[in-house]
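K.L.:
Protein chains: 2
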Amino acid sequence: MNLQQLRFVHEAARRNLNLTETAKALFTSQPGVSKAILELEEELGIDIFERHGKRLRRITEPGQSVLRAIEIILREVGNLRRIGEEYAKQDTGRLSIATTHSQARYVLPQPVATLRQRFPRVNVVLHQGSPSQVAQMLLDEVADIGLATETVSGFDALVSIPWYEWQHVAVMPKAHPLAGVERLSLDDLAREPLVSYHPSFTGRTAIDRAFATHRLEPQFVLEAIDADVIKTYVRGGLGVGLVAEVAMREENPDGDLAWRPVGHLFGHNVARVAFKRGVMLRSYVFAFAELLGDRLSRPLIERALGGQASTAYEL
Amino acid sequence: MNLQQLRFVHEAARRNLNLTETAKALFTSQPGVSKAILELEEELGIDIFERHGKRLRRITEPGQSVLRAIEIILREVGNLRRIGEEYAKQDTGRLSIATTHSQARYVLPQPVATLRQRFPRVNVVLHQGSPSQVAQMLLDEVADIGLATETVSGFDALVSIPWYEWQHVAVMPKAHPLAGVERLSLDDLAREPLVSYHPSFTGRTAIDRAFATHRLEPQFVLEAIDADVIKTYVRGGLGVGLVAEVAMREENPDGDLAWRPVGHLFGHNVARVAFKRGVMLRSYVFAFAELLGDRLSRPLIERALGGQASTAYEL
DNA sequence: TATCCTTACGGAATTCGTAAGCATG
DNA sequence: CATGCTTACGAATTCCGTAAGGATA
Numbered sequence: 008m009n010l011q012q013l014r015f016v017h018e019a020a021r022r023n024l025n026l027t028e029t030a031k032a033l034f035t036s037q038p039g040v041s042k043a044i045l046e047l048e049e050e051l052g053i054d055i056f057e058r059h060g061k062r063l064r065r066i067t068e069p070g071q072s073v074l075r076a077i078e079i080i081l082r083e084v085g086n087l088r089r090i091g092e093e094y095a096k097q098d099t100g101r102l103s104i105a106t107t108h109s110q111a112r113y114v115l116p117q118p119v120a121t122l123r124q125r126f127p128r129v130n131v132v133l134h135q136g137s138p139s140q141v142a143q144m145l146l147d148e149v150a151d152i153g154l155a156t157e158t159v160s161g162f163d164a165l166v167s168i169p170w171y172e173w174q175h176v177a178v179m180p181k182a183h184p185l186a187g188v189e190r191l192s193l194d195d196l197a198r199e200p201l202v203s204y205h206p207s208f209t210g211r212t213a214i215d216r217a218f219a220t221h222r223l224e225p226q227f228v229l230e231a232i233d234a235d236v237i238k239t240y241v242r243g244g245l246g247v248g249l250v251a252e253v254a255m256r257e258e259n260p261d262g263d264l265a266w267r268p269v270g271h272l273f274g275h276n277v278a279r280v281a282f283k284r285g286v287m288l289r290s291y292v293f294a295f296a297e298l299l300g301d302r303l304s305r306p307l308i309e310r311a312l313g314g315q316a317s318t319a320y321e322l
Numbered sequence: 008m009n010l011q012q013l014r015f016v017h018e019a020a021r022r023n024l025n026l027t028e029t030a031k032a033l034f035t036s037q038p039g040v041s042k043a044i045l046e047l048e049e050e051l052g053i054d055i056f057e058r059h060g061k062r063l064r065r066i067t068e069p070g071q072s073v074l075r076a077i078e079i080i081l082r083e084v085g086n087l088r089r090i091g092e093e094y095a096k097q098d099t100g101r102l103s104i105a106t107t108h109s110q111a112r113y114v115l116p117q118p119v120a121t122l123r124q125r126f127p128r129v130n131v132v133l134h135q136g137s138p139s140q141v142a143q144m145l146l147d148e149v150a151d152i153g154l155a156t157e158t159v160s161g162f163d164a165l166v167s168i169p170w171y172e173w174q175h176v177a178v179m180p181k182a183h184p185l186a187g188v189e190r191l192s193l194d195d196l197a198r199e200p201l202v203s204y205h206p207s208f209t210g211r212t213a214i215d216r217a218f219a220t221h222r223l224e225p226q227f228v229l230e231a232i233d234a235d236v237i238k239t240y241v242r243g244g245l246g247v248g249l250v251a252e253v254a255m256r257e258e259n260p261d262g263d264l265a266w267r268p269v270g271h272l273f274g275h276n277v278a279r280v281a282f283k284r285g286v287m288l289r290s291y292v293f294a295f296a297e298l299l300g301d302r303l304s305r306p307l308i309e310r311a312l313g314g315q316a317s318t319a320y321e322l
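In order, the protein sequence lines correspond to chains A and B.
Position one of the first sequence corresponds to residue 8 (the numbering used here), numbered consecutively onward.
Position one of the second sequence corresponds to residue 8 (the numbering used here), numbered consecutively onward.
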């Protein structure tokens with residue numbers, strides 16, 4: 008048994024059992040991958056993959072267990088590398104953040120700038136995506152830290168910690184009739200053409216739920232994945248926008264857009280910070296989390312991550 | 008990086024940083040071990056061991072972290088092997104039990120016999136030792152299951168589950184004056200020469216504590232690690248024996264020994280079944296646990312072992 | 001001086017790539 | 001017939017053992 012065999016099996020499982028792709032992804036030859044996997048199966052005495060003729064069809068039952076163990080092993084191999092870097096190249100490295108547009112565009116600039124000042128030798132990589140892509144990037148260990156409002160809870164392998172609470176705001180041109188209404192109602196909004204996030208995104212679920220509960224069928228004339236795009240179309244008169252409040256905070260009050268909070272209609276959302284269980288975090292990841300909010304202290308995160316049941320069950 | 012390097016580091020840490028011994032234990036050459044470790048350190052960019060001239064003096068701080076990761080990796084490599092055997096050689100294998108004399112001699116014969124009937128191809132290995140040796144055998148993954156009254160709780164890496172409650176009994180020749188006393192007192196016993204377990208053993212702690220609390224200083228004329236030895240000396244008139252009640256259950260009532268329960272003096276003890284966290288258990292280990300007591304069902308054990316904190320921390 | 005780690009070096013074993021074979025959809 | 005896994009084989013690399021060197025207690 009060797010680590011290479013484990014990497015091959017792991018990658019093959021992630022790549023729909025296609026060994027050709029697996030070989031490419033790991034920069035090696037396809038026959039090498041095939042042989043290595045066969046040898047591991049031989050050594051363990053079981054089939055990890057069920058074969059149909061010369062194709063891999065699916066993962067066997069023992070294969071499932073094998074994959075779980077391999078996942079842990081490779082995670083810890085990654086941790087060994089991280090340990091090396093943490094001590095050998097203190098305050099040098101890469102902070103990989105998976106996040107949605109709202110955070111990347113409106114919330115992160117400040118803390119990222121501060122982090123860069125404190126850790127000039129740490130490069131920051133922003134990965135933007137939908138909440139479920141954020142979760143996937145954490146699971147794949149592509150990102151160290153994930154920031155999003157949905158989906159980051161709901162995976163056993165992930166731990167998520169509440170970060171801040173936010174509500175939606177309705178945005179419209181200052182000349183719009185609704186711009187003068189202090190407290191908007193669901194009916195007000197349902198009558199307007201709406202511009203908001205794509206359903207896979209930040210809090211859109213909450214919006215749909217609210218309308219559905221009141222049996223209203225609003226017309227979404229445009230769905231986008233980011234608030235800048237939405238605001239642009241609102242300016243163009245396409246309709247009333249529904250965006251996260253952070254997207255308006257920096258907006259010039261003398262500008263051309265008016266906005267009203269609508270948390271009373273769609274409820275309040277909780278943005279969360281997420282990590283993958285078992286993956287070692289470099290010290291600057293903790294530092295960055297603290298920059299996101301005082302509450303996100305290192306001990307809190309370690310407690311959340313290190314969850315283990317009590318040692319002894321009592322009678 | 009390869010698994011061999013990790014094995015060497017792991018073993019070296021367990022063998023007082025002596026690479027010569029490490030090499031012997033792993034059936035390889037000493038220079039090979041040395042080189043492999045140096046190469047791993049080189050690759051990770053850190054020193055795992057602090058060297059003084061040409062000797063390893065101690066484990067560095069990053070080395071501590073490295074060892075934790077290695078421990079997990081090697082544990083899972085062991086699990087991979089176990090998975091292979093579980094599926095390839097169903098109901099064939101080895102059940103390794105670490106236990107104290109009392110259990111091995113008086114409690115286990117029945118369940119072990121039943122297990123052998125149900126799993127004729129599973130060989131049973133009994134490792135006898137003190138409670139702390141039992142714990143160590145679990146930690147070293149020499150034993151799959153540990154049975155003892157003390158010390159098996161108190162290690163983070165171990166999970167222990169209550170098995171049965173027991174009390175001590177005082178044993179004496181039938182002709183002994185105390186044989187007629189229905190309810191013995193601490194004073195009664197403190198006046199007699201006593202024969203009992205060695206301090207490292209089964210429940211002896213409770214005995215010492217009880218006497219100490221009442222400021223009594225009993226005379227232990229003989230300390231042994233097993234009840235058979237103790238009973239033999241009691242027969243020989245050396246003194247009154249204090250043993251676990253299981254040791255007397257099978258004693259012929261028409262024999263030469265009388266005994267009285269003394270739980271009211273020394274309290275009640277709890278024998279526990281213990282496992283090492285993260286180590287996969289073959290199906291027959293669960294079967295054996297159920298033979299030890301109905302309460303020790305597979306789901307209960309899995310719940311105890313699989314302890315993970317909740318995924319999300321709430322505000 | 002005995003123990004014990006590191007360096008040096010050569011043979012053995014393993015790994016890994018290319019080329020060819022063959023099954024599936 | 002295009003895709004994709006397995007087998008075959010040879011070159012390159014890695015592994016691992018013995019022998020020698022040097023430091024500590």
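Quick reminder that beta carbons are idealized off the backbone N, C-alpha and C, glycines included.
Please report the straight-line C-alpha distance between Asp233/A and Ala95/A, rounded to a whole angstrom.
P.N.:
Near 40 Å, if we compare the C-alpha coordinates of Ala95/A and Asp233/A.
K.L.:
If you drop the 5 nearest sequence neighbours on each side, which residues of the same chain put their C-beta closer than 6 Å to that of Asp54/A?
P.N.:
Cβ within range, chain order: Glu48, Thr67.
K.L.:
Quick one: is Asn9/B buried, meaning 16 or more other Cβ sit within 10 Å of its Cβ, or exposed?
P.N.:
Burial call: exposed.
K.L.:
Helix, strand or coil: how does DSSP classify Ala319/B here?
P.N.:
For Ala319/B, the predicted structure reports a pLDDT of 40, less than 50, and the residue's modelled location is therefore unreliable. A value from the coordinates is still provided. Looking at Ala319/B - three-state DSSP - the assignment turns out to be strand.
K.L.:
Give me the residue from Glu157/A, Ser160/A, Gly136/A with the minimum Cα distance to Val149/A.
P.N.:
Nearest option by C-alpha distance: Gly136/A.
K.L.:
Can a CB atom of chain A be found closer than 7 Å to the CB of Asn276/B?
P.N.:
Not one chain A Cβ lies under 7 Å of Asn276/B.
K.L.:
Leaving out five residues before and five after Gly262/A in sequence, what residues of the same chain have Cβ atoms less than 6 Å from its Cβ?
P.N.:
Excluding positions up to five away in sequence, the list is empty.
K.L.:
So, with DSSP's three-state summary, where would you put Thr27/A?
P.N.:
Reduced to three states, the DSSP call for Thr27/A is helix.
K.L.:
Can you tell me which of the three DSSP states Phe227/B falls into?
P.N.:
Three-state result, Phe227/B: strand.
K.L.:
Scan the segment 68 to 80 of chain B for residues whose Cβ lies nearer than 8 Å to a Cβ of chain A and list them as they occur along the chain.
P.N.:
Flagged, chain order: Glu68, Pro69, Ser72, Val73, Ala76, Ile77, Ile79, Ile80.
K.L.:
Could you name the residues of the same chain whose beta carbon sits closer than 7 Å to that of Glu164/B, not counting the 5 residues immediately before and after it, in chain order?
P.N.:
The sequence given here places Ala at residue 164/B; Glu does not occur at that position. Answer for Ala164/B: Leu146, Lys283, Arg284, listed in chain order.
K.L.:
Ordered along the chain, which non-local residues of its own chain (more than five positions away) have a Cβ less than 8 Å from that of Pro180/B?
P.N.:
The answer, listed in chain order, is Ala186, Val241, Arg242, Gly244, Asp263, Leu264, Ala265.
K.L.:
Please name the residue or residues paired with Leu249/A in a DSSP beta bridge.
P.N.:
The partner list for Leu249/A (beta bridge, DSSP) reads Ala177/A.
K.L.:
Does any residue of chain A have a CB that is nearer than 7 Å to the CB of Ile53/B?
P.N.:
Taking Cβ atoms only, chain A reaches closer than 7 Å to Ile53/B, which makes this a yes.
K.L.:
What residue from Phe34/B, Leu87/B, Ala177/B, Glu28/B has the CA that sits closest to Leu201/B's CA?
P.N.:
Ranking Phe34/B, Leu87/B, Ala177/B, Glu28/B by Cα distance to Leu201/B puts Ala177/B first.
K.L.:
Whole angstroms is fine: what's the gap from Gly52/A's alpha carbon to Arg22/A's?
P.N.:
C-alpha separation (whole angstroms): 24 Å.
K.L.:
Ser103/A lies in the beta strand (DSSP E); which residues open and close that run?
P.N.:
Run containing Ser103/A: 100 to 106, per the beta strand (DSSP E) assignment.
K.L.:
Listing by chain order, which chain B residues have their CB less than 8 Å from the CB of Met144/A?
P.N.:
Those do not exist, as Met144/A stays about 17 Å from chain B at its closest Cβ, beyond 8 Å.
K.L.:
Does DSSP classify His134/A as helix, strand or coil?
P.N.:
Correct three-state label for His134/A: strand.
K.L.:
By a C-beta neighbour count over all protein chains shown, 10 Å radius and 16 as the cutoff for buried, is Glu257/B buried or exposed?
P.N.:
Under this definition Glu257/B is an exposed residue.
K.L.:
Decide yes or no for the touch test of the segment 124 to 139 of chain B against the segment 207 to 221 of chain B: beta carbon pairs closer than 8 Å, at least 3 of them.
P.N.:
Touching, per the Cβ criterion.
K.L.:
Please determine if the segment 249 to 256 of chain A and the segment 106 to 117 of chain A are in contact, where contact requires at least 3 C-beta pairs separated by less than 8 Å.
P.N.:
Touching, yes, given that three or more Cβ pairs across the two stretches are closer than 8 Å.
K.L.:
Would the segment 116 to 136 of chain B and the segment 86 to 106 of chain B be scored as touching if the rule is three or more Cβ pairs under 8 Å?
P.N.:
Counting Cβ pairs under 8 Å, three or more are found: they touch.
K.L.:
Considering only the beta carbon of each residue, do Arg279/A and Val159/A sit closer than 7 Å?
P.N.:
Cβ distance < 7 Å, so Arg279/A and Val159/A count as in contact.
K.L.:
If distances are taken between C-alpha atoms only, which option among Gly300/A, Val119/A, Gly161/A, Arg14/A comes closest to Trp170/A?
P.N.:
Among Gly300/A, Val119/A, Gly161/A, Arg14/A, the Cα nearest to that of Trp170/A belongs to Gly300/A.
K.L.:
Thinking C-alpha only, which one of Glu224/A, Ala219/A, Phe34/A is nearest Glu199/A?
P.N.:
When only C-alpha atoms are compared, the closest one is Glu224/A.
K.L.:
Say whether chain B places a C-beta atom closer than 7 Å to the C-beta of Tyr94/A.
P.N.:
By this cut-off, Tyr94/A is an interface position.
K.L.:
May I have the straight-line CA-CA distance separating Leu13/B from Leu63/B, to the nearest angstrom?
P.N.:
So the two alpha carbons sit approximately 17 Å from each other.
K.L.:
Report the rounded CA-to-CA distance for His183/B versus Gln226/B, giving the unit in angstroms.
P.N.:
If I take the Cα positions, the gap works out to 17 Å.
K.L.:
Determine the burial state of Ala408/B: buried for a count of at least 16 other Cβ atoms within 10 Å of its Cβ, exposed for fewer.
P.N.:
Lying before the first or after the last residue shown, residue 408/B is absent from chain B, which here runs from 8 to 322.
K.L.:
Quick check: the Cα distance between Val247/B and Leu196/B, rounded to an integer number of angstroms?
P.N.:
If I take the Cα positions, the gap works out to 8 Å.
K.L.:
Tell me, which residues are paired with Leu122/B by DSSP?
P.N.:
Beta-bridge pairing links Leu122/B to no other residue.
K.L.:
Using beta carbons (cut-off 7 Å, strictly below), is Leu87/A in contact with chain B?
P.N.:
Leu87/A counts as touching chain B.
K.L.:
Determine the contact status of Leu193/A and His221/A, defining contact as a CB-CB distance below 7 Å.
P.N.:
Against a cut-off of 7 Å, the Cβ pair of His221/A and Leu193/A comes out as a contact.
K.L.:
Answer yes or no: does any C-beta atom of chain B fall closer than 7 Å to that of Ala319/A?
P.N.:
With a pLDDT of 40 at Ala319/A, under the threshold of 50, the modelled position of this residue cannot be trusted; read the value that follows with caution. Yes, its Cβ sits closer than 7 Å to a Cβ of chain B.
K.L.:
Taking 7 Å as the CB-CB cut-off, is Gly91/A touching chain B?
P.N.:
Chain B, which has a Cβ nearer than 7 Å to the Cβ of Gly91/A, makes this yes.
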